[in-house]
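Asks:
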Amino acid sequence: MKQLRSMVFWPPVLLIAAALVLDLGFPELFLRHLTSLNLWVLETFGVAFAAVVLASLFMAVAIMVTPFGKVRLGGPHAKPDLRPWSWICVALATNTAVGILFWAAAEPLYHLKAPPASLGLEPFSKEAARFALSTLYLHWSFLPCALYGVSGVMFGFAFYNMKTDFSLGASLAPLFGKNLSRSSIGAVIDGLCLFALVAGMAASLATGTLTLSGGLEHLWGFKSTPLVWSVVTLTVVAAFVLSATTGLQKGITVLAGINLWIFVGLATFVALGSPLINILGLAGDALGDHITHFLATATTLRFAPQEPWVSQWTFFYWAVWLAWTPITAVFLGRIGYGYRVREFMVVNFIIPSLFALVWMSLFGGAALNMELSQNLSLVKSLESRGPEAIIYQLLANLPGGGWVIPIFLFSVFIAYVSGADANTAAMAGMCSHGICPKQTEPPKRLKYIWGVLVGIVSLAMLQAAGVDGIKMLSNLGGLPALVYQVFVLMSLGVVLVKFQKLDVYARPIQSYPSSSGAVADVPTLPVEDH
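In this note's numbering, the protein residues as written are 1 to 530.
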């Protein structure tokens with residue numbers, strides 16, 4: 001533990017411990033104050049969340065079309081640690097994780113039965129269905145993937161090409177200098193983002209636990225009880241801690257590859273078992289609605305002021321995505337070594353966005369079609385059994401669905417393990433001294449600690465306050481992440497203009513006399529900090 005960065009590690013651990021004590025000791029009081037604080041954050045900063053997310057999209061496009069896109073992370077002679085296919089698999093696993101499995105079929109049903117009042121859409125109408133699917137595109141494709149893409153490329157450029165420390169402060173080096181990551185302010189930034197990510201991972205694990213428990217009940221009749229939650233949580237935590245400790249090449253790359261092929265198989269199964277023509281027609285209408293009203297929806301100008309739906313859904317999503325962004329960006333930036341910036345954006349921005357569009361079209365479209373055309377009453381199941389039951393009812397009503405549900409359960413397990421693997425490794429790295437381009441693996445003991453802590457937080461809050469409470473806790477992490485993302489965008493603005501001056505590998509060549517008396521050309525590289 002000599003490598004431990006105490007100022008980064010202990011503050012979030014103590015904050016999490018305090019939250020656990022309050023949650024377990026005074027659950028009603030804790031949940032009441034957490035709800036009030038959550039509503040205040042969304043109502044006060046919701047428009048700012050939307051503005052920063054949209055600005056990140058514009059920055060993602062700028063990165064791809066400007067000369068900065070030609071820069072290679074790690075210098076012109078850097079060779080990638082991951083092969084292209086492995087890199088794509090890991091990026092997809094990190095970007096999508098378990099969220100698309102849980103929400104793709106359930107979320108559009110919420111919008112179908114209760115669309116925003118200010119739009120005047122009749123519930124359960126074709127117009128409401130079109131809006132529901134276009135909303136999935138908004139919440140799960142280009143806008144959130146832009147957050148990960150721009151933040152990841154900023155960290156990768158700072159760490160590999162500016163030779164900064166392995167810290168979130170590294171991404172702000174173009175504004176505040178390379179010493180920020182070594183200062184107390186840099187430690188505070190890292191600590192706050194670690195706290196936000198632990199809460200976010202705990203919320204995701206709670207979601208995954210409910211999904212897996214719902215599948216166990218559907219298949220074998222095990223009731224979704226606290227005991228079942230405990231067994232599922234302990235199994236998942238053990239798996240992703242073990243995966244994280246095997247290193248990048250042996251752990252997440254293998255899991256991510258398996259995960260992607262299962263995803264492709266599941267999507268193919270839904271496409272072949274559903275009335276594909278109906279789904280494609282709905283998806284085409286929804287995509288047209290998404291494109292036509294994109295700016296109005298993304299800026300929330302499409303809705304009436306103070307529309308409750310916007311805070312409950314769009315602002316909530318942006319807060320949660322932002323809370324995950326800093327640490328996720330550290331991992332994505334780290335594994336982008338050896339690739340050009342434009343390639344990085346294709347793999348971490350374009351491909352995940354297109355994948356999400358296809359996935360949401362198939363699963364969301366199938367759920368909406370079942371509700372409207374096949375009268376399978378998915379909405380009634382949503383109201384009586386919760387969102388975790390929807391995907392199983394959808395699959396069960398497709399030909400051969402009974403055989404596919406166990407595969408889906410395994411996919412949920414692998415999806416969370418691979419995503420948590422990436423973030424556990426990044427969290428451990430943030431708390432460690434000595435992480436550098438030649439040594440990117442943090443101490444295994446720190447991975448164990450963070451993995452176990454995430455499991456404890458998830459299980460305690462799921463049993464005491466329910467998944468709504470844990471989601472609100474993760475949502476609060478969006479506020480400090482919002483401020484951080486603003487500075488990241490400003491740093492990228494500087495980089496787009498001055499990247500040749502900031503990149504140590506792009507320094508001008510100077511001539512020095514060699515030992516033989518001849519003149520040798522060498523780049524003016526600084527002495528390595530690591």
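The beta carbon of each residue, even a glycine, is placed where N, CA and C say it ideally should be.
These numbers were taken from a predicted model, which means no experiment stands behind them.
Inspect the beta-carbon positions of S141 and A425 and report whether they are closer than 8 Å.
Replies: Numbered from 1 along the sequence shown, position 141 holds the residue referred to as residue 141. Numbered from 1 along the sequence shown, position 425 holds the residue referred to as residue 425. Not in contact: S141 and A425 (Cβ atoms no closer than 8 Å).
Asks: Ends of the alpha helix (DSSP H) at V264?
Replies: Mapped onto the sequence shown, residue 264 falls at position 264. Residues I252 to G273.
Asks: Quick test of your reading: L260 and C89, contact by CB under 8 Å. State the CB separation rounded to the nearest angstrom.
Replies: Translated into positions along the sequence shown, residue 260 becomes position 260. Translated into positions along the sequence shown, residue 89 becomes position 89. Confirmed, about 5 Å.
Asks: Between F331 and P116, is the Cβ-Cβ spacing less than 8 Å?
Replies: Taking the sequence shown and counting its residues from 1, the one referred to as residue 331 is at position 331. Taking the sequence shown and counting its residues from 1, the one referred to as residue 116 is at position 116. Going by C-beta atoms, F331 is not nearer than 8 Å to P116.
Asks: Quick check on the DSSP output: the alpha helix (DSSP H) that includes A55 runs from which residue to which?
Replies: For the purposes of this step, residue 55 is identified with residue 55 of the sequence shown, where counting begins at 1. P27 to V65 is the span of the alpha helix (DSSP H), which, as asked, contains A55.
Asks: Pull up the distance between the alpha-carbon of T297 and that of F45, whole angstroms please.
Replies: Here residue 297 corresponds to residue number 297 of the sequence shown, with the count starting at 1. Here residue 45 corresponds to residue number 45 of the sequence shown, with the count starting at 1. So the alpha carbons of these two residues sit roughly 17 Å apart.
Asks: Which same chain residues, not among the five before or five after I277, have their C-beta less than 6 Å away from its C-beta?
Replies: Translated into the one-based positions of the sequence shown, residue 277 becomes position 277. Within the same chain, I277 has no close Cβ partners at all.
Asks: Between L168, V8 and I16, which has its C-alpha nearest S491's C-alpha?
Replies: Counting from 1 along the sequence shown, the entry for residue 491 is found at position 491. Ranking L168, V8 and I16 by Cα distance to S491 puts L168 first.
Asks: If you compare alpha carbons, which of V457, K501, W10 and W450 is closest to F240?
Replies: Taking the first residue of the sequence shown as position 1, residue 240 is located at position 240. The option with the nearest alpha carbon to F240 is W450.
Asks: Report yes or no: do the stretch 281-293 and the stretch 380-387 share at least 3 C-beta pairs separated by less than 8 Å?
Replies: No, the stretch 281-293 does not touch the stretch 380-387.
Asks: Does DSSP classify L301 as helix, strand or coil?
Replies: Residue numbering aside, residue 301 sits at position 301 when the sequence shown is read from its first letter. Coil, per DSSP.
Asks: What residue range does the alpha helix (DSSP H) around P290 cover?
Replies: On the sequence shown, residue 290 is found 290 positions in, with the first residue counted as 1. A small correction: the amino acid at residue 290 is His; Pro does not occupy that position in the sequence shown. Segment L276 to T292, the alpha helix (DSSP H) holding H290.
Asks: Determine the DSSP secondary structure at R83, reduced to helix, strand or coil.
Replies: Position 83 of the sequence shown, counting from 1, holds the residue named residue 83. Three-state DSSP puts R83 in coil, outside helix and strand.
Asks: Measuring straight from C-alpha to C-alpha, what distance separates P27 and V457?
Replies: Within the sequence shown, residue 27 is the residue found at index 27, counting from 1. Within the sequence shown, residue 457 is the residue found at index 457, counting from 1. If you take the alpha carbons of P27 and V457, they lie about 14 Å apart.
Asks: Please go through the stretch 351-403 and give each complete alpha helix (DSSP H) segment of 4 or more residues, from N-terminal end onward.
Replies: DSSP runs (the alpha helix (DSSP H)) wholly in the stretch 351-403: 351-372, 378-385 and 390-396.
Asks: So, helix, strand or coil for R5, using DSSP?
Replies: The count along the sequence shown starts at 1 and reaches residue 5 at position 5. It is coil, neither helix nor strand.
Asks: Could you tell me whether the stretch 124-138 touches the stretch 402-418, using the rule of 3 or more Cβ pairs below 8 Å?
Replies: The stretch 124-138, when compared against the stretch 402-418, does not touch it at the 8 Å Cβ threshold.
Asks: On a Cα-Cα basis, can you pick out the residue from M461, I252, Y484 and V504 that is closest to A31?
Replies: Walking along the sequence shown from the start, residue 31 turns up at place 31. For the record, residue 31 in the displayed sequence is Leu; it is not Ala. Nearest option by C-alpha distance: M461.
Asks: Looking at L378: is its Cβ nearer than 8 Å to the Cβ of E371?
Replies: The sequence position of residue 378 within the sequence shown is 378, counting from 1. The sequence position of residue 371 within the sequence shown is 371, counting from 1. Result yes, Cβ atoms of L378 and E371 sit closer than 8 Å.
Asks: Compare the C-beta of L73 against all C-beta atoms of chain B and say whether one is closer than 8 Å.
Replies: In the structure shown, chain B does not exist; there is a single protein chain.
Asks: On the DSSP bridge list, what partners appear for H72?
Replies: Here residue 72 refers to the residue found at position 72 when the sequence shown is read from its first residue. What sits at residue 72 in the sequence shown is Arg, not His. In DSSP, R72 forms a bridge with R340.
Asks: Per DSSP, what kind of secondary structure is S134 in: helix, strand or coil?
Replies: For the purposes of this step, residue 134 is taken as residue 134 along the sequence shown, with counting starting at 1. DSSP places S134 in helix when its eight states are reduced to three.
Asks: State buried or exposed for P174, treating a residue as buried only when at least 16 other CB atoms are found within 10 Å of its CB.
Replies: Here residue 174 refers to the residue found at position 174 of the sequence shown. Buried is the call here.
Asks: Which residue from K113, Y148 and A428 puts its Cα closest to that of A329?
Replies: As a first step, residue 329 is located in the sequence shown; it is residue number 329 there, counting from the start. When only C-alpha atoms are compared, the closest one is Y148.
Asks: At the level of alpha carbons, what is the spacing between L395 and L180?
Replies: Locating residue 395 in the sequence shown gives position 395, counting from the first residue. Locating residue 180 in the sequence shown gives position 180, counting from the first residue. Rounded to whole angstroms, L395 to L180 spans 51 Å at the Cα level.
Asks: Which residue spans inside the stretch 107-183 form an unbroken alpha helix (DSSP H) run of at least 4?
Replies: Runs of the alpha helix (DSSP H) inside the stretch 107-183: 126-140, 142-156 and 173-176.
Asks: Can you list, in chain order, the residues of its chain whose CB lies under 7 Å from that of P442, leaving out five sequence neighbours each side?
Replies: Taking the first residue of the sequence shown as 1, we reach residue 442 at position 442. The answer, listed in chain order, is A425, A428, G429, S432 and I435.
Asks: Beta-carbon within less than 7 Å of M201's beta-carbon, same chain only, minus the 5 sequence neighbours each way: which residues are those?
Replies: If you number the sequence shown from 1, residue 201 lands on position 201. Here the set comprises A420, N423 and V454.
Asks: Helix, strand or coil for T211? Go by DSSP, reduced to three states.
Replies: By one-based count along the sequence shown, residue 211 stands at place 211. DSSP places T211 in helix when its eight states are reduced to three.
Asks: Buried or exposed for N375, please, with buried defined as at least 16 other CB atoms from any protein chain shown within 10 angstroms of its CB.
Replies: Here the question's residue 375 lines up with position 375 in the sequence shown. Answer is exposed; the Cβ neighbour count stays below 16.
Asks: Under the rule that 16 or more other beta-carbon atoms within 10 Å means buried, what is L354, buried or exposed?
Replies: Taking the first residue of the sequence shown as position 1, residue 354 is located at position 354. The residue in question, L354, is exposed, as its Cβ has fewer than 16 Cβ neighbours within 10 Å.
Asks: At a cut of 8 Å, does the stretch 491-505 reach the stretch 50-70 through at least three beta carbon pairs?
Replies: Counting Cβ pairs under 8 Å, three or more are found: they touch.
Asks: Just tell me which of Y317, R340 and C193 has its CA closest to the CA of P67.
Replies: On the sequence shown, position 67 is the one that residue 67 refers to. Among Y317, R340 and C193, the Cα nearest to that of P67 belongs to R340.
Asks: In angstroms with no decimal places, state the Cα-to-Cα distance between S171 and M154.
Replies: As a position in the sequence shown, residue 171 is number 171, starting the count at 1. As a position in the sequence shown, residue 154 is number 154, starting the count at 1. Taking the straight line from one Cα to the other gives about 6 Å.
Asks: Between A367 and S274, what straight-line distance do the alpha-carbon atoms span, to the nearest angstrom?
Replies: Against the sequence shown, residue 367 aligns to sequence position 367. Against the sequence shown, residue 274 aligns to sequence position 274. Using only the alpha carbons, I get a separation of about 10 Å.
Asks: Does DSSP classify S204 as helix, strand or coil?
Replies: Taking the sequence shown and counting its residues from 1, one reaches residue 204 at position 204. Helix, per DSSP.
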